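Residue numbers (numbering that gives the first Met the number 0), protein chains in the order written: chain A, 0 to 309; chain B, 0 to 309.
No residue lacks a Cβ here, since even glycine has one placed at the ideal position from N, Cα and C.
The structure presented is a predicted model; accordingly, all values stated were derived computationally and were not measured.
Data block below; observations after.
There are 2 protein chains.
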Amino acid sequence: MSEAPIRIALVGMGKIARDQHLPAIAGNPQLVLAATMSPHSPGVDGVAAFKSMEALLAAGDTFDAVALCSPPQVRYGLAAAALAAGKHVFLEKPPGATLSEVAVLKEKAEAAGVTLFASWHSRYAAGVEPARAWLADKRIDRAHIIWREDVRVWHPGQAWIWEAGGLGVFDPGINALSIVTRILPRRIMLEAATLSFPANREAPIAADLKLRDTDGAPVTFDLDWRQTGPQSWDIAVETNAGTLTLSQGGAVLEVDGHIHRDEDREYAGLYQQFEALIRAGVSDADVTPLELVSDVFLTGRRHTVETFED
Amino acid sequence: MSEAPIRIALVGMGKIARDQHLPAIAGNPQLVLAATMSPHSPGVDGVAAFKSMEALLAAGDTFDAVALCSPPQVRYGLAAAALAAGKHVFLEKPPGATLSEVAVLKEKAEAAGVTLFASWHSRYAAGVEPARAWLADKRIDRAHIIWREDVRVWHPGQAWIWEAGGLGVFDPGINALSIVTRILPRRIMLEAATLSFPANREAPIAADLKLRDTDGAPVTFDLDWRQTGPQSWDIAVETNAGTLTLSQGGAVLEVDGHIHRDEDREYAGLYQQFEALIRAGVSDADVTPLELVSDVFLTGRRHTVETFED
Chain A
0 MSEAPIRIAL VGMGKIARDQ HLPAIAGNPQ LVLAATMSPH SPGVDGVAAF KSMEALLAAG
60 DTFDAVALCS PPQVRYGLAA AALAAGKHVF LEKPPGATLS EVAVLKEKAE AAGVTLFASW
120 HSRYAAGVEP ARAWLADKRI DRAHIIWRED VRVWHPGQAW IWEAGGLGVF DPGINALSIV
180 TRILPRRIML EAATLSFPAN REAPIAADLK LRDTDGAPVT FDLDWRQTGP QSWDIAVETN
240 AGTLTLSQGG AVLEVDGHIH RDEDREYAGL YQQFEALIRA GVSDADVTPL ELVSDVFLTG
300 RRHTVETFED
Chain B
0 MSEAPIRIAL VGMGKIARDQ HLPAIAGNPQ LVLAATMSPH SPGVDGVAAF KSMEALLAAG
60 DTFDAVALCS PPQVRYGLAA AALAAGKHVF LEKPPGATLS EVAVLKEKAE AAGVTLFASW
120 HSRYAAGVEP ARAWLADKRI DRAHIIWRED VRVWHPGQAW IWEAGGLGVF DPGINALSIV
180 TRILPRRIML EAATLSFPAN REAPIAADLK LRDTDGAPVT FDLDWRQTGP QSWDIAVETN
240 AGTLTLSQGG AVLEVDGHIH RDEDREYAGL YQQFEALIRA GVSDADVTPL ELVSDVFLTG
300 RRHTVETFED
């Protein structure tokens, strides 16, 4: 196979772009970083840097695809412009600020004949596919998700995450939902949700969800952004053949008394998938995790809790 | 055509069932009311009445289809049971408490080989289809929706409408969205929303939305449940060929200096469509209006306003 590498323009040069996207692109010989775009942040040495999507798109046939790491509130306009210019688009999670936006992007990608990839990085954690395979033929009795982390450690000073539409604790929580919707053999639906909003913020800092799969098996989900000390990103699934646990955000799988652990290849996996989708000429834009979060905001009961300052 | 009439079981015998569903079924010779189900309300003289879905379904092959008028918070379980029993299902609007529920119902209907109809009665108002036809080849410059009514008149004592998941002012507002998403030639997306919640309620009493179609035309939506005196259910669409207005909830169309008005046949139209879907063996479950409302709750800014008492 000697196809030319796919030329990527990386847009939104914040923490996730630098921590994860740059190394993943650099580590994949089928990809090459062709440009960066960020209104305020610096680019990468030796790579063409642009300050706006208009300027980037004016660079024409110097890149094939855009990877969008900008906050979800501005992602739609950037994605729509890139699709209209015939570029493939990789969307960081969540794929948009609203479900309608993503529905429109799917239509635009199809009309333009390019690939749209709504990425869910946690689905590429080492334990996820083995967990899915093991659970496929089991009777699911119940599942428990605990996602408790310290927002000051993981999202320092990220004001957008606390604004309306910024999802709050569901920014990490949607990662858990992306895993659970992948590993469980049946769909899950929300039954009840309680959301805790700091008095000075427009997004929740904690939540407590009760869900059920379509056979009635209960799934509980405990999210909290106020966890100091040890952090928890754990999923336990009780079945007729014993309990499966995924911990450390999907990295560590324990089942049948065995522990499976592998190196972190989440973003490497995402970019392999993006390349495969482009080569195959297809899209992958599953919105199920965002749909569940929308269901939470639509129907959840809200409580006000103490103010939160970074 | 001499096919046997479709036998309908009407479930949830509240205001909408009595005001609209019973006359519409009675007025359609292709349909017959075979049963009613309501835990607390009385049935209809001369028609088998049941107190639970289990009891109704135990009546077996005495009916073909279920029309569900129960509040959205309990609709899923009733619909799933009916589909599992091989019955066609007509869902009052909104089609479910959450988008995930409706997605699952679609899958269940397909698996069972029966019809699922997510009804939007306002789409059957007299002016809607002529408006759609007229707008199809126009350039849309902007649109304005005003939906202001007196909740004490239209929803007296309906506690469920004020509970989390009850939608509040979006219970009528979703009717406007069902019309706008039908008549405009392009999809609309939410840009910004402000929601007003009474201090003692879990659902909004007013809202102010800014949307845009996929070509950028602005659409504003002003909803208020505190309107006494004249009520407003008006849509105005400004185009390159003049302004189209739909008033009285879609019943009256004014365009090109002409006023089109016809008798109210919304529920007659819904039941004609339900019958046609069943005869054709297909489903019709568009969730676009509920998706937009979910987008509002996901991203809208919330204000607390004065308490509301019925």
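Chain D contact residues for residue i, given Cβ-Cβ distances below 7 Å
i: residue 291 (chain B); result: The structure shown contains no chain D; its protein chains are A and B.
Span separating the alpha-carbon of residue i from that of residue j
i: residue 248 (chain B); j: residue 85 (chain A); result: 41 Å
i: residue 128 (chain A); j: residue 233 (chain A); result: 16 Å
i: residue 65 (chain B); j: residue 10 (chain B); result: 7 Å
i: residue 184 (chain A); j: residue 160 (chain B); result: 34 Å
i: residue 138 (chain A); j: residue 240 (chain A); result: 8 Å
i: residue 62 (chain A); j: residue 287 (chain A); result: 30 Å
i: residue 70 (chain B); j: residue 277 (chain A); result: 45 Å
i: residue 220 (chain A); j: residue 13 (chain A); result: 29 Å
i: residue 8 (chain B); j: residue 97 (chain B); result: 24 Å
i: residue 207 (chain B); j: residue 304 (chain B); result: 14 Å
i: residue 113 (chain B); j: residue 44 (chain B); result: 29 Å
i: residue 175 (chain A); j: residue 145 (chain A); result: 9 Å
i: residue 230 (chain A); j: residue 109 (chain A); result: 41 Å
i: residue 180 (chain B); j: residue 6 (chain A); result: 38 Å
i: residue 164 (chain A); j: residue 100 (chain A); result: 13 Å
i: residue 82 (chain B); j: residue 16 (chain B); result: 20 Å
i: residue 268 (chain B); j: residue 20 (chain B); result: 11 Å
i: residue 189 (chain A); j: residue 111 (chain A); result: 35 Å
i: residue 72 (chain B); j: residue 22 (chain B); result: 25 Å
i: residue 153 (chain A); j: residue 59 (chain A); result: 36 Å
i: residue 283 (chain B); j: residue 77 (chain A); result: 33 Å
i: residue 270 (chain A); j: residue 215 (chain B); result: 32 Å
i: residue 297 (chain B); j: residue 291 (chain A); result: 11 Å
i: residue 281 (chain A); j: residue 107 (chain A); result: 13 Å
i: residue 178 (chain A); j: residue 116 (chain B); result: 31 Å
i: residue 309 (chain B); j: residue 89 (chain B); result: 30 Å
Amino acids of chain A, ordered along the chain, whose beta-carbon sits closer than 8 Å to that of residue i
i: residue 188 (chain B); result: 75, 97, 99, 100 and 103
Cβ-based neighbour list, residue i, same chain, cut-off 6 Å, excluding 5 preceding and 5 following
i: residue 315 (chain B); result: Within the shown structure, residues of chain B are numbered from 0 to 309, placing residue 315 (chain B) beyond reach of any answer.
i: residue 4 (chain A); result: 29, 30 and 31
i: residue 42 (chain A); result: 35 and 48
i: residue 217 (chain B); result: 141 and 211
i: residue 125 (chain A); result: 250 and 261
i: residue 252 (chain A); result: 126, 129, 130, 245 and 259
i: residue 237 (chain A); result: 140 and 141
i: residue 187 (chain A); result: 210, 212 and 218
i: residue 147 (chain B); result: 223, 226 and 231
i: residue 40 (chain A); result: 12
Interface partners of residue i on chain A, CB under 7 Å
i: residue 201 (chain B); result: 300
i: residue 296 (chain B); result: 296 and 297
Under 7 Å by beta carbon: chain B residues contacting residue i
i: residue 163 (chain A); result: 298, 299 and 300
Residue i: contacting residues in chain B (beta-carbon distance under 9 Å)
i: residue 213 (chain A); result: 79, 103, 106 and 107
Enclosing beta strand (DSSP E) for residue i [first to last residue]
i: residue 197 (chain B); result: 187-197
i: residue 51 (chain A); result: Element bounds for residue 51 (chain A): n/a, residue is neither H nor E.
i: residue 246 (chain A); result: 241-246
i: residue 209 (chain A); result: 205-212
i: residue 217 (chain A); result: 217-223
i: residue 180 (chain A); result: Element bounds for residue 180 (chain A): not the beta strand (DSSP E) but the alpha helix (DSSP H), 169-182.
i: residue 99 (chain B); result: Unbroken run through residue 99 (chain B) is the alpha helix (DSSP H), 98-111; no beta strand (DSSP E).
i: residue 160 (chain A); result: Careful: residue 160 (chain A) lies outside any beta strand (DSSP E) and carries neither H nor E.
i: residue 236 (chain B); result: 231-238
Endpoints, alpha helix (DSSP H) assigned at residue i
i: residue 294 (chain B); result: 287-298
i: residue 25 (chain B); result: 21-25
i: residue 152 (chain B); result: 150-153
i: residue 79 (chain A); result: 71-83
i: residue 127 (chain A); result: 127-134
i: residue 273 (chain B); result: 265-279
7 Å Cβ shell around residue i - same chain, five flanking residues per side excluded
i: residue 80 (chain B); result: 52 and 56
i: residue 143 (chain B); result: 219 and 235
i: residue 91 (chain A); result: 15, 67, 68 and 118
Beta-carbon proximity list for residue i, same chain, < 8 Å, skipping 5 on both sides
i: residue 200 (chain B); result: 161, 167, 306 and 307
i: residue 204 (chain A); result: 150, 167, 168, 195, 196, 197, 223, 224, 225, 304 and 307
i: residue 103 (chain A); result: 75 and 79
i: residue 274 (chain A); result: 5, 27, 29 and 30
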